[in-house]
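Numbering (the working numbering) for the sequence shown: 185 to 267.
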Amino acid sequence: MTYRRQELLVISNLMMGNTLTRALRKSRQSDVTRLALVGVLTTAIFILDLFFSLGFAIWILYLFPIWLTLRPHWQRLSIFHAS
């Protein structure tokens, strides 16, 4: 394998793998706290969603945690969270 091919392989592995880890390394402590808050909020909305019957527009509440992750340096995390 040539050096250039090895270099491209490493770059593609970095781009495809551990996106969450790389994004969290660059973040500050407040960003990690906000990400934990988003996780707790999403879980709380999911539990509320289980208790409400069909016909209620609970799904709209799921947009709020996604909106919280739409910071410029969190673009990959918002896609990760939305999926």
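All residues carry an ideal CB built from backbone N, CA and C; glycine is no exception. Quantities reported herein were computed from a predicted structural model and do not represent experimental measurements.
Mapping DSSP to helix, strand and coil, what is residue i?
i: A241; result: coil
i: L192; result: Because L192 sits at a pLDDT of 48, beneath the cut-off of 50, its placement in the model cannot be relied upon, and the following sentence gives the value as read from the coordinates. Helix, per DSSP.
i: T253; result: coil
i: F236; result: coil
How would you label residue i, buried or exposed, when you count the other beta carbons within 10 angstroms and need 16 or more for buried?
i: V216; result: exposed
i: L234; result: exposed
i: L219; result: buried
I'd like to check one pair, residue j with residue i: are the Cβ atoms closer than 8 Å?
i: V222; j: T253; result: yes
i: Y246; j: I231; result: no
i: I244; j: F236; result: no
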